[in-house]
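Following: one structure in structure tokens, then a few remarks.
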Amino acid sequence: MRAPQRLTRRWYRLELKAARLLDAIGLAENQKTLALTLLIGVVCGWAAVAFHLALDVAERQLIGRAMGWSLGSRVLGLLLIPTAGGLLAGALLRFVEEARGSGIPQVKAAYHLNYGRIPFKVVLAKMGLGTLCIGSGLSLGREGPTVQICAGIASLFGRLAAVSRRTLMSLVPVGSAAGLAAAFNTPIAAVTFTLEEIVGDLSHRSIGAIVVASVIAAVIEHGILGSQSLFSVPPYAFNGARELPFYAMLGVLAAGLSVLFTTSLLWLRRWFLRWDIPPWVKPGVGGCVVGLIGLVALEAWGARGIFGIGYDTLSRALRGEMAFRLALVLLVAKLVATAVSYSSGAAGGIFAPVLFIGGMLGSLVGTLAAHVLHTDATRTAGAFALVGMGAVFAGALRAPITSVLIIFEMTNAYSIILPLMIANAISYSIASRLSPTPVYEALLLQDGVHLPHRAPPHVLGRMTVASAMTRDVVTLPDVLTVEAAYERASRYGYHAYPVVDVRNRLVGIITINDLRREIGRGNGSKLLGDVAVRPVVHTHPDHTLEHALLKLGRWDISQLPVVSRLDDRRIVGILTLGDIARARARWVEEQSPRD
42 MRAPQRLTRR WYRLELKAAR LLDAIGLAEN QKTLALTLLI GVVCGWAAVA
92 FHLALDVAER QLIGRAMGWS LGSRVLGLLL IPTAGGLLAG ALLRFVEEAR
142 GSGIPQVKAA YHLNYGRIPF KVVLAKMGLG TLCIGSGLSL GREGPTVQIC
192 AGIASLFGRL AAVSRRTLMS LVPVGSAAGL AAAFNTPIAA VTFTLEEIVG
242 DLSHRSIGAI VVASVIAAVI EHGILGSQSL FSVPPYAFNG ARELPFYAML
292 GVLAAGLSVL FTTSLLWLRR WFLRWDIPPW VKPGVGGCVV GLIGLVALEA
342 WGARGIFGIG YDTLSRALRG EMAFRLALVL LVAKLVATAV SYSSGAAGGI
392 FAPVLFIGGM LGSLVGTLAA HVLHTDATRT AGAFALVGMG AVFAGALRAP
442 ITSVLIIFEM TNAYSIILPL MIANAISYSI ASRLSPTPVY EALLLQDGVH
492 LPHRAPPHVL GRMTVASAMT RDVVTLPDVL TVEAAYERAS RYGYHAYPVV
542 DVRNRLVGII TINDLRREIG RGNGSKLLGD VAVRPVVHTH PDHTLEHALL
592 KLGRWDISQL PVVSRLDDRR IVGILTLGDI ARARARWVEE QSPRD
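Counting in my numbering, the sequence shown runs from 42 upward without gaps.
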């Protein structure tokens with residue numbers, strides 16, 4: 042038996058033991074969800090803090106130490122460390138491709154297209170490879186990886202608890218929010234970002250669980266790392282109407298800069314994907330380029346902050362301590378370094394670089410405003426840097442509510458909220474017109490992944506079940522014992538199976554969770570036909586996908602057997618939420634203009 046098959050069998054045995062334990066406790070589904078929410082909040086809080094501390098150690102011991110060497114050794118170290126880190130990460134990423142990039146697009150895809158299933162190997166790989174890539178100096182952020190790590194932890198707990206697919210899907214945003222709350226120390230913004238970006242619905246039914254997990258994770262982060270906000274800034278004030286034109290100008294420039302950043306990122310990523318060299322070498326090339334950019338910026342202008350996350354340098358800009366020329370160098374160098382780092386296929390996010398670039402832009406505009414208005418240059422540049430962070434965030438990531446809340450929570454600078462809202466609104470509006478597709482969704486589209494909400498709902502009313510269903514149906518005979526059925530189902534890896542008699546006629550349906558539950562109750566020797574669920578909720582090939590989707594929602598299930606109009610017991614296909622999503626994706630692709 043091959044190693045992957047052995048691992049799969051061991052994993053199913055672990056899930057079975059967990060299901061037996063929970064069945065012995067006797068928790069209902071809603072009780073499981075509550076217990077899992079509390080557990081996810083605690084574990085994700087600890088995981089986010091552990092990742093944070095690991096990154097701090099890696100950055101300090103690698104790039105941080107190299108910067109203190111003599112000139113010759115420093116030049117060699119700052120070139121070799123990012124290159125070696127990229128090469129090693131590239132070699133390891135061959136085994137876990139899902140660990141590349143930010144992690145937020147992958148979480149969105151898992152939530153919308155894969156019922157919230159995230160393999161646990163991705164969690165381990167993202168934590169290790171994210172630490173390696175960012176710690177060795179690639180210009181990436183920790184927030185996206187933290188979201189993927191914690192979403193994967195939530196997915197793991199949901200599968201171990203044998204919850205329904207709907208519940209498993211709802212746990213992924215719970216873990217995402219907990220991770221972001223602990224990563225940024227921003228529980229409110231974590232909730233809104235998860236609802237805006239991951240779920241796409243501010244009134245989602247899981248909002249209560251998302252809030253609870255975010256608060257728990259933030260409390261744990263406070264207890265370990267302290268309760269201070271991420272950035273410490275002076276008490277800035279809004280100086281009235283005469284500053285408004287400059288804040289409006291900042292919003293316009295932020296929109297242009299955010300579109301330039303996302304366009305450059307996507308173009309460069311497309312180029313790297315087409316480049317005919319071994320994929321594992323590409324992150325090493327990215328690391329080498331970043332090393333060269335960072336070295337030139339450091340030696341020529343004394344510009345730190347290109348390597349790694351760069352929050353220390355950003356803090357200087359937020360305090361108004363950044364000279365005009367230095368801010369300009371950092372803006373250009375960080376933008377290019379981040380685009381190269383991400384496009385090369387390394388593991389790390391763009392959250393922090395977007396904030397960094399926005400802070401430098403704000404510092405530039407603030408210095409100009411202080412010169413024209415004859416105000417205090419330090420305080421004006423710092424206030425504009427703060428607003429610039431939010432404006433570029435709003436333009437690049439397209440989360441307008443989060444873009445205001447996250448800046449407030451990271452800095453506690455409520456007095457600057459009005460210009461922040463104005464600049465963010467302008468940036469968001471202009472960027473949305475210039476480039477309608479948000480960056481995370483554009484990255485998924487570049488990989489051929491189409492999220493279902495991109496197609497108008499009325500499209501489903503014009504598409505039939507027959508056009509989307511899976512015709513090759515895996516069934517289980519009703520004469521199998523429950524234990525034998527579980528062994529067979531474990532090999533297939535699906536969630537639910539139609540149960541058929543000797544004439545291949547539909548007699549019921551059974552899920553992998555049902556099988557675990559029956560074995561846990563000591564019913565492993567029962568025949569499958571005696572425990573299969575009846576009557577079977579089904580659909581017909583000529584029904585519309587809209588009708589089928591309503592039926593899935595009404596019965597809170599994730600798939601429907603498709604039966605013949607002439608005989609309700611003759612199964613002709615199976616329709617899942619994934620099938621519906623793929624049908625909508627095909628529609629989007631057909632409607633999109635060709636390159």
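All C-beta atoms, glycine included, are put in the ideal place defined by N, C-alpha and C.
Proximity below 8 Å, CB of residue i to CB of residue j
{"i": "residue 566", "j": "residue 522", "result": "yes"}
{"i": "residue 402", "j": "residue 373", "result": "no"}
{"i": "residue 187", "j": "residue 99", "result": "no"}
{"i": "residue 376", "j": "residue 344", "result": "no"}
{"i": "residue 551", "j": "residue 515", "result": "no"}
{"i": "residue 328", "j": "residue 179", "result": "yes"}
{"i": "residue 208", "j": "residue 483", "result": "no"}
{"i": "residue 392", "j": "residue 182", "result": "yes"}
{"i": "residue 649", "j": "residue 89", "result": "Nothing about residue 649 can be reported from this structure: the residues present for the chain run from 42 to 636 only."}
{"i": "residue 70", "j": "residue 247", "result": "no"}
{"i": "residue 292", "j": "residue 468", "result": "yes"}
{"i": "residue 283", "j": "residue 383", "result": "no"}
{"i": "residue 152", "j": "residue 210", "result": "yes"}
Residues near residue i in its chain [Cβ-Cβ closer than 6 Å; skip 5 each side]
{"i": "residue 253", "result": "78"}
{"i": "residue 128", "result": "325"}
{"i": "residue 626", "result": "491"}
{"i": "residue 421", "result": "407, 410 and 411"}
{"i": "residue 197", "result": "161"}
Per DSSP, the bridge partner or partners of residue i
{"i": "residue 518", "result": "541"}
{"i": "residue 257", "result": "Answer by DSSP bridge pairing: none, since residue 257 is not bridged."}
{"i": "residue 568", "result": "522"}
{"i": "residue 182", "result": "390"}
{"i": "residue 142", "result": "388"}
{"i": "residue 505", "result": "585"}
{"i": "residue 511", "result": "615"}
Proximity test, residue i beta-carbon vs the ligand MN heavy atom, cut-off 7 Å
{"i": "residue 544", "result": "As far as ligands go, the structure on display features none, and thus does not contain the ligand MN."}
Option nearest residue i by Cα separation, candidates the options
{"i": "residue 489", "options": "400, 306, 85 and 146", "result": "146"}
{"i": "residue 438", "options": "185, 620, 109 and 459", "result": "185"}
{"i": "residue 107", "options": "122, 94 and 95", "result": "122"}
{"i": "residue 430", "options": "415, 462 and 409", "result": "462"}
{"i": "residue 234", "options": "135, 445, 169 and 408", "result": "445"}
{"i": "residue 513", "options": "535, 568, 135 and 318", "result": "535"}
{"i": "residue 312", "options": "295, 369, 385 and 258", "result": "385"}
{"i": "residue 608", "options": "392, 600, 579 and 562", "result": "579"}
{"i": "residue 525", "options": "554, 568, 485 and 139", "result": "568"}
{"i": "residue 119", "options": "293, 337, 379 and 558", "result": "337"}
{"i": "residue 82", "options": "471, 190 and 285", "result": "190"}
{"i": "residue 112", "options": "561, 316, 341 and 220", "result": "341"}
{"i": "residue 143", "options": "533, 617 and 389", "result": "389"}
{"i": "residue 296", "options": "612, 471 and 571", "result": "471"}
{"i": "residue 271", "options": "279, 396 and 192", "result": "396"}
{"i": "residue 387", "options": "103, 131, 593 and 317", "result": "131"}
{"i": "residue 350", "options": "97, 91 and 610", "result": "97"}
{"i": "residue 394", "options": "306, 332, 417 and 339", "result": "306"}
Own chain partners of residue i with C-beta closer than 7 Å, once the 5 adjacent residues on each side are dropped
{"i": "residue 542", "result": "519 and 548"}
{"i": "residue 624", "result": "504, 508, 509 and 586"}
{"i": "residue 288", "result": "428, 460, 463 and 464"}
{"i": "residue 479", "result": "438 and 439"}
{"i": "residue 256", "result": "228"}
{"i": "residue 442", "result": "233 and 237"}
{"i": "residue 553", "result": "530 and 536"}
{"i": "residue 451", "result": "225, 227, 270, 271 and 272"}
{"i": "residue 115", "result": "107 and 108"}
Residues near residue i in its chain [Cβ-Cβ closer than 8 Å; skip 5 each side]
{"i": "residue 583", "result": "505, 506, 507 and 606"}
{"i": "residue 455", "result": "449"}
{"i": "residue 619", "result": "154, 155 and 156"}
{"i": "residue 634", "result": "Here residue 634 scores only 49 on pLDDT, less than 50, and its place in the model is too uncertain to base an answer on."}
{"i": "residue 486", "result": "478"}
Which whole runs of the alpha helix (DSSP H) in the segment 538-625 are 4 residues long or more, in chain order? 553-561, 569-572 and 586-596
Any alpha helix (DSSP H) of 4 or more consecutive residues that is wholly inside the segment 288-363: 323-342 and 352-359
Residue ranges of each beta strand (DSSP E) run of no fewer than 3 residues wholly in the segment 70-153, ordered along the chain? none
Mind pulling the beta strand (DSSP E) runs of 3 or more residues that sit fully within the segment 427-476? none
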